[in-house]
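Chemist: So for the sequence shown, this note's numbering puts the first residue at 3; every next one is plus one.
Heads up, the beta-carbon is just placed ideally off N, CA and C, and yes, glycines get one too.
Model, not experiment: these values are computed from the prediction.
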Amino acid sequence: MVAFDRLHPALQHHIVNSLGWRELREVQSLSIEAYLNGNNMVVLAPTAGGKTESAFFPVMSQMLEESWEGVSVLYVSPIKALLNNQEQRLHKYMQLVGRRAALWHGDTPQGERKRILAEPPDLLLTTPESLEVMLVSSKIDHHRFFKNIRAVVIDEVHAFAGDDRGWHLLSVFARIAQIAKCDLQRIGLSATVGNPEEMLTWLASGSQRPQKVVWPKGKGGEEPDVQLDFVGSLGNAAKVISLLHQGEKRLVFCDSRSRVEQLAVALRSYGVDTFVSHSSLGIDERRQAEEAFSQRQNCVIVSTSSLELGLDVGDLDRVIQIDAPSTVSSFLQRMGRTGRRQNTTRNYLFLATKDEGLLRAAALIELWLGGYVEPVQAPPCPYHILAQQLMALILQERGVGRSQWFSWVSSVPAFSRMPEERVASLVEYMISKLLLWDDSGILSFAPEGEATFGRQNFMDLLSVFTSPPLFRVMSGQKELGYVHESTFYKKDDDGPPILALAGRSWKTSHLDWKRKIAHVEPTDQRGKSRWLGEGQMLNQAVCQSIRRILSSDDNHKSWSNRASAQFAEIRDEFPWISSDATSLVLQPNGEIRWWTFAGGVANTLLADALKPSIDVKGDNLSLVFPKANSLDEVSPLIMELNADNIRPIPNIEAMENLKFSECLSGEHSMEVFSSRFDDPSALRQSIEERRRETICG
Numbered sequence: 003m004v005a006f007d008r009l010h011p012a013l014q015h016h017i018v019n020s021l022g023w024r025e026l027r028e029v030q031s032l033s034i035e036a037y038l039n040g041n042n043m044v045v046l047a048p049t050a051g052g053k054t055e056s057a058f059f060p061v062m063s064q065m066l067e068e069s070w071e072g073v074s075v076l077y078v079s080p081i082k083a084l085l086n087n088q089e090q091r092l093h094k095y096m097q098l099v100g101r102r103a104a105l106w107h108g109d110t111p112q113g114e115r116k117r118i119l120a121e122p123p124d125l126l127l128t129t130p131e132s133l134e135v136m137l138v139s140s141k142i143d144h145h146r147f148f149k150n151i152r153a154v155v156i157d158e159v160h161a162f163a164g165d166d167r168g169w170h171l172l173s174v175f176a177r178i179a180q181i182a183k184c185d186l187q188r189i190g191l192s193a194t195v196g197n198p199e200e201m202l203t204w205l206a207s208g209s210q211r212p213q214k215v216v217w218p219k220g221k222g223g224e225e226p227d228v229q230l231d232f233v234g235s236l237g238n239a240a241k242v243i244s245l246l247h248q249g250e251k252r253l254v255f256c257d258s259r260s261r262v263e264q265l266a267v268a269l270r271s272y273g274v275d276t277f278v279s280h281s282s283l284g285i286d287e288r289r290q291a292e293e294a295f296s297q298r299q300n301c302v303i304v305s306t307s308s309l310e311l312g313l314d315v316g317d318l319d320r321v322i323q324i325d326a327p328s329t330v331s332s333f334l335q336r337m338g339r340t341g342r343r344q345n346t347t348r349n350y351l352f353l354a355t356k357d358e359g360l361l362r363a364a365a366l367i368e369l370w371l372g373g374y375v376e377p378v379q380a381p382p383c384p385y386h387i388l389a390q391q392l393m394a395l396i397l398q399e400r401g402v403g404r405s406q407w408f409s410w411v412s413s414v415p416a417f418s419r420m421p422e423e424r425v426a427s428l429v430e431y432m433i434s435k436l437l438l439w440d441d442s443g444i445l446s447f448a449p450e451g452e453a454t455f456g457r458q459n460f461m462d463l464l465s466v467f468t469s470p471p472l473f474r475v476m477s478g479q480k481e482l483g484y485v486h487e488s489t490f491y492k493k494d495d496d497g498p499p500i501l502a503l504a505g506r507s508w509k510t511s512h513l514d515w516k517r518k519i520a521h522v523e524p525t526d527q528r529g530k531s532r533w534l535g536e537g538q539m540l541n542q543a544v545c546q547s548i549r550r551i552l553s554s555d556d557n558h559k560s561w562s563n564r565a566s567a568q569f570a571e572i573r574d575e576f577p578w579i580s581s582d583a584t585s586l587v588l589q590p591n592g593e594i595r596w597w598t599f600a601g602g603v604a605n606t607l608l609a610d611a612l613k614p615s616i617d618v619k620g621d622n623l624s625l626v627f628p629k630a631n632s633l634d635e636v637s638p639l640i641m642e643l644n645a646d647n648i649r650p651i652p653n654i655e656a657m658e659n660l661k662f663s664e665c666l667s668g669e670h671s672m673e674v675f676s677s678r679f680d681d682p683s684a685l686r687q688s689i690e691e692r693r694r695e696t697i698c699g
């Protein structure tokens with residue numbers, strides 16, 4: 003029996019006659035079979051690859067076959083814009099078979115929420131935070147509202163799985179499953195990731211259902227058209243974009259809002275019909291730009307990563323990248339926006355404005371061609387999320403038993419792995435700080451807990467994580483870009499962190515951890531080279547790829563003549579780099595660097611281990627010893643390093659500004675921090691790998 007034949011007859015009729023479909027895509031057929039066989043599943047396909055129908059056709063079929071009533075299906079997305087984007091399509095599909103869909107998130111008007119509660123839809127489009135608000139609200143009978151949930155669809159599941167919001171999502175699902183007394187069937191929709199089986203196991207935690215990764219690999223079509231060019235400046239990039247692919251719809255990614263605006267101004271000066279999309283724009287302004295872009299043909303939209311997720315801006319012809327993202331997965335996610343029309347090919351053009359961007363782009367291409375995609379790894383030891391869930395359960399149940407509360411979330415793997423005594427000590431600490439009361443075994447909020455988390459009906463408690471852990475870097479009123487908060491975990495004894503952004507070095511003058519803003523000022527600090535490293539922390543895989551490219555004489559076919567010429571210049575500066583060894587180098591200016599290409603985390607840990615003996619700083623690619631005078635001064639210290647003895651050094655300010663840190667003891671905070679700011683394999687490789695020593699004349 004083919005997959006289509008397994009669908010409910012009413013749905014079959016509408017797929018053929020109302021939608022006008024003549025066949026299903028492979029991913030849809032495979033998903034129908036997997037879902038109707040009872041599997042939890044992760045569906046992998048590029049943007050516009052048919053993932054939405056892969057999830058909802060079998061779910062709608064089962065809804066009709068089994069006559070589900072009330073809110074029976076949840077569609078959860080990491081961002082509200084994706085929900086807004088999908089609402090019309092899912093409303094149409096549900097309406098075809100006599101069912102209803104509704105949207106509930108932070109921007110949903112109060113009147114619409116009341117209508118949803120009075121007349122529950124069959125499908126609810128929402129966010130994890132909105133689900134939790136419904137669970138704890140005294141105005142909502144959550145036991146009645148959620149009692150019929152049977153299936154959940156999670157869009158862009160990889161965006162949850164690698165983040166603390168993922169633990170929050172699984173916790174909310176665990177609580178809803180207990181209310182519904184049902185083993186919720188879970189469907190995760192994702193772009194390509196490096197470890198789909200592991201991600202599915204994470205998603206299906208607590209479920210007894212079988213599991214299936216749906217990842218069609220046949221009929222791959224033409225190879226994507228990926229090109230790398232070196233243009234040297236943002237102005238030159240604008241000129242190239244204005245001349246290339248005229249008459250086509252082009253999406254251009256930049257690494258900051260300021261560069262988005264600069265490029266848009268430059269493109270308009272060349273007469274290019276240009277739109278912008280970034281988080282500083284108002285909701286209506288951004289939506290108007292995206293709608294206008296979707297309806298035009300000969301135009302450009304310039305965006306930050308806000309358009310990386312699967313928002314529909316029409317049929318794109320081209321994706322262009324200024325410099326490069328930091329991961330292969332981001333590159334693939336963005337490239338997946340193209341090639342959706344028949345007889346078109348996926349494509350991606352890197353326009354490097356600086357050497358760092360050129361190297362990073364080449365590294366991503368090399369890794370992608372080798373089949374590498376970063377694994378999605380859930381952050382370990384989320385004690386702060388467990389504390390948040392305890393407080394949310396107190397609100398949900400109007401007080402919760404001290405011996406029973408953990409059973410609500412015990413199916414979440416990160417929580418089940420925590421030693422019982424550590425969980426017990428977490429509760430004891432919260433009681434000792436007067437965040438909670440224990441009244442005859444019933445936990446409730448104490449005065450300090452009410453004062454800390456009770457503002458605006460506990461909105462601080464319920465928002466959890468609505469934005470990624472990025473710092474906005476500002477020089478005065480000018481935004482330079484974004485860096486991951488881990489950039490500031492390292493503590494330099496002799497001064498604040500130095501960043502390389504917008505083509506020069508910047509000294510950090512002030513960190514606003516609450517608002518996630520880093521204020522910087524220009525610096526000409528002696529000895530700082532252009533190899534200081536981008537503000538973003540790069541992983542070991544990208545840095546090792548950069549090393550392979552620098553140590554090779556080969557030019558890749560995807561490189562333009564300008565890119566190849568620039569690589570030749572860069573390689574001439576670093577003839578001593580080896581593909582299978584680290585390099586300790588005394589450079590002509592007297593600077594000593596240990597080139598490990600280990601990535602930002604490992605190099606920071608190495609620098610911290612060496613600091614008791616010598617002045618040292620680490621970046622993505624190397625460690626610099628600004629006060630050392632000879633290789634003999636540094637080499638013995640490196641030889642003494644032992645990977646087994648190197649542990650992350652706590653950054654007190656970072657730990658104190660962890661969300662819900664008020665609930666954690668110093669030991670709990672340290673466990674969260676040290677488990678996350680670590681890269682033991684990269685650390686060990688750097689120490690144990692052969693090391694070459696070079697004195698440059």
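List in chain order: all unbroken beta strand (DSSP E) runs of 3+ residues lying wholly within the stretch 216-256.
Modeler: Runs found: 227-232, 251-255.
Chemist: DSSP has CYS301 in a bridge; who is on the other side?
Modeler: In the sequence shown, counting from the first residue as 1, residue 301 sits at position 299. Partner(s): LYS251.
Chemist: What span of residues does the alpha helix (DSSP H) with LEU98 cover, start to end?
Modeler: What you label residue 98 is simply residue 96 of the sequence shown in a count that begins at 1. It spans 82-98 - the alpha helix (DSSP H) in which LEU98 sits, taken as one unbroken run.
Chemist: Output needed for ILE697: all residues of its chain with C-beta closer than 6 Å, excluding positions within five of it in sequence on either side, in chain order.
Modeler: Indexing the sequence shown from 1 puts residue 697 at position 695. Answer for ILE697: LEU588, listed in chain order.
Chemist: Just tell me which of LEU105, THR525, ALA609 has its CA closest to the CA of SER688.
Modeler: As a first step, residue 688 must be located in the sequence shown, where it is residue number 686. Considering only alpha carbons, the answer is ALA609.
Chemist: I need the straight-line Cα distance from ALA416 to ALA163, nearest angstrom please.
Modeler: By one-based count along the sequence shown, residue 416 stands at place 414. By one-based count along the sequence shown, residue 163 stands at place 161. C-alpha separation (whole angstroms): 12 Å.
Chemist: Using only the alpha-carbon positions, how far apart do MET337 and ARG343 sit?
Modeler: Residue mapping note: residue 337 aligns to position 335 of the sequence shown, counting from 1. Residue mapping note: residue 343 aligns to position 341 of the sequence shown, counting from 1. When rounded, the distance between both Cα atoms is 14 Å.
Chemist: Would you identify the three-state DSSP class for VAL135, choosing helix, strand or coil?
Modeler: Numbered from 1 along the sequence shown, position 133 holds the residue referred to as residue 135. DSSP places VAL135 in helix when its eight states are reduced to three.
Chemist: What would DSSP say about MET641, mapped onto helix, strand or coil?
Modeler: In the sequence shown, counting from the first residue as 1, residue 641 sits at position 639. Helix, per DSSP.
Chemist: Under 8 Å, do LEU126 and LEU66 count as touching if we go by C-beta distance?
Modeler: To locate residue 126, count along the sequence shown from 1; it is residue 124. To locate residue 66, count along the sequence shown from 1; it is residue 64. Cβ distance not < 8 Å, so LEU126 and LEU66 don't count as in contact.
Chemist: Can you tell which of ASN86, TRP217, PHE576, LEU172 has the C-alpha that lies nearest to the C-alpha of TRP204?
Modeler: Here residue 204 refers to the residue found at position 202 of the sequence shown. Closest option to TRP204, Cα to Cα, is LEU172.
Chemist: Measure the beta-carbon distance from GLU199 to VAL215 and round it to whole angstroms, keeping in mind my assumption that it falls under 8 Å.
Modeler: Here residue 199 refers to the residue found at position 197 when the sequence shown is read from its first residue. Here residue 215 refers to the residue found at position 213 when the sequence shown is read from its first residue. Right, their Cβ atoms sit about 6 Å apart.
Chemist: Quick one, which of GLU35, VAL99, VAL78 has its alpha-carbon nearest ILE17's?
Modeler: As a first step, residue 17 is located in the sequence shown; it is residue number 15 there, counting from the start. Looking at the Cα atoms, VAL99 is the closest of the given residues.
Chemist: Quickly, what does DSSP pair GLU481 with across the bridge? List them, please.
Modeler: By 1-based counting over the sequence shown, the position of residue 481 is 479. The partner list for GLU481 (beta bridge, DSSP) reads MET476.
Chemist: Within the same chain, show all residues whose beta-carbon is closer than 6 Å to that of ALA103, passing over the 5 residues directly before and after it, in chain order.
Modeler: Within the sequence shown, residue 103 is the residue found at index 101, counting from 1. Once the five neighbours on either side are set aside, the close Cβ partners of ALA103 are LEU92, HIS93, MET96, PRO123, LEU125.
Chemist: Does DSSP put GLU122 in a helix, a strand or coil?
Modeler: Taking the sequence shown and counting its residues from 1, the one referred to as residue 122 is at position 120. The residue asked about is misnamed: residue 122 is Pro in this sequence, not Glu. PRO122: coil per DSSP, three-state reduction.
Chemist: Within the continuous alpha helix (DSSP H) that includes TRP204, where are the two ends?
Modeler: On the sequence shown, position 202 is the one that residue 204 refers to. Per DSSP, TRP204 belongs to the alpha helix (DSSP H) from 198-205.
Chemist: Name the residue from GLU452, LEU623, ASN300 whose alpha carbon lies nearest to the alpha carbon of LEU253.
Modeler: Sequence index remark: in the sequence shown, residue 253 carries index 251 (1-based). Nearest option by C-alpha distance: ASN300.
Chemist: Going by other Cβ atoms of all chains shown within 10 Å of its Cβ, with 16 needed for buried, is ALA176 buried or exposed?
Modeler: Counting from one through the sequence shown, the residue named residue 176 turns up at place 174. ALA176 is buried by the Cβ-count criterion.
Chemist: With a CB to CB cut of under 8 Å and the five nearest residues on each side skipped, what residues in its chain are close to ARG62?
Modeler: Along the sequence shown, one-based indexing puts residue 62 at 60. Per the sequence presented here, residue 62 reads as Met, with Arg not at that position. Taken in chain order, the residues that qualify are HIS10, LEU13, TYR95, MET96, VAL99, ARG101.
Chemist: Cβ atoms of ILE142 and LEU119: under 8 Å apart, would you say?
Modeler: In the sequence shown, residue 119 corresponds to position 117, counting from 1. In the sequence shown, residue 142 corresponds to position 140, counting from 1. For LEU119 and ILE142, yes; Cβs fall inside 8 Å.
Chemist: If you draw a straight line from the alpha carbon of GLY52 to that of GLN30, how long is it in whole angstroms?
Modeler: Along the sequence shown, read from residue 1 onward, the residue named residue 52 stands at position 50. Along the sequence shown, read from residue 1 onward, the residue named residue 30 stands at position 28. One C-alpha to the other measures close to 7 Å.
Chemist: Going by CA-CA distance only, name the one from ALA365, GLU358, GLY451, GLN88 that's closest to GLN390.
Modeler: Against the sequence shown, residue 390 aligns to sequence position 388. Selected option, being the one with the closest Cα: GLY451.
Chemist: Which same chain residues, not among the five before or five after GLU523, have their C-beta less than 6 Å away from its C-beta?
Modeler: Taking the first residue of the sequence shown as 1, we reach residue 523 at position 521. Cβ neighbours of GLU523 beyond the five flanking positions: LYS509, SER511.
Chemist: Where DSSP assigns a beta bridge to PHE447, which residues make up the other side?
Modeler: Here residue 447 corresponds to residue number 445 of the sequence shown, with the count starting at 1. PHE447 pairs with LEU438.
Chemist: With a floor of 4 residues, list each alpha helix (DSSP H) that falls wholly inside the stretch 552-607, ordered by position along the chain.
Modeler: Counting only runs of 4 or more, we get 563-575.
Chemist: When the distance is taken between beta carbons, is VAL242 closer than 8 Å to ALA354?
Modeler: Here the question's residue 354 lines up with position 352 in the sequence shown. Here the question's residue 242 lines up with position 240 in the sequence shown. Going by C-beta atoms, ALA354 is not nearer than 8 Å to VAL242.
Chemist: Bridge partners of LYS509, per DSSP?
Modeler: Taking the sequence shown and counting its residues from 1, the one referred to as residue 509 is at position 507. DSSP lists ILE500, GLU523 as partners of LYS509.
Chemist: DSSP puts MET420 in a beta bridge; with which residues?
Modeler: Looking up residue 420 in the sequence shown gives position 418. Bridge partners of MET420: none, in fact.
Chemist: Thinking C-alpha only, which one of PHE255, ASP680, TRP596, LYS356 is nearest VAL626?
Modeler: One-based indexing of the sequence shown puts residue 626 at position 624. If we check each option's Cα against that of VAL626, TRP596 comes out closest.
Chemist: Is PHE277 helix, strand or coil when you go by DSSP?
Modeler: The count along the sequence shown starts at 1 and reaches residue 277 at position 275. Three-state result, PHE277: strand.
Chemist: DSSP state of ALA453, grouped into three classes?
Modeler: Numbered from its first residue, the sequence shown carries residue 453 at position 451. The answer is helix: DSSP assigns ALA453 an H, G or I state.
Chemist: By Cβ distance below 6 Å, which residues in the same chain neighbour SER132 in space, the five residues on each side in sequence not counted?
Modeler: Taking the sequence shown and counting its residues from 1, one reaches residue 132 at position 130. Counting only Cβ-Cβ distances below 6 Å, and skipping sequence neighbours, we find TRP106, HIS107.
Chemist: CB-CB under 7 Å to ASN238, same chain, minus the five flanking residues each way: which ones, in chain order?
Modeler: One-based indexing of the sequence shown puts residue 238 at position 236. Correct list: empty, nothing qualifies.
Chemist: Quick check: the Cα distance between HIS710 and CYS256, rounded to an integer number of angstroms?
Modeler: The requested residue 710 is not part of the displayed model; the chain covers only 3 to 699.
Chemist: To the nearest angstrom, how far is it from the Cα of SER33 to the Cα of ARG348?
Modeler: Counting from one through the sequence shown, the residue named residue 33 turns up at place 31. Counting from one through the sequence shown, the residue named residue 348 turns up at place 346. For SER33 and ARG348, the distance between alpha carbons rounds to 23 Å.
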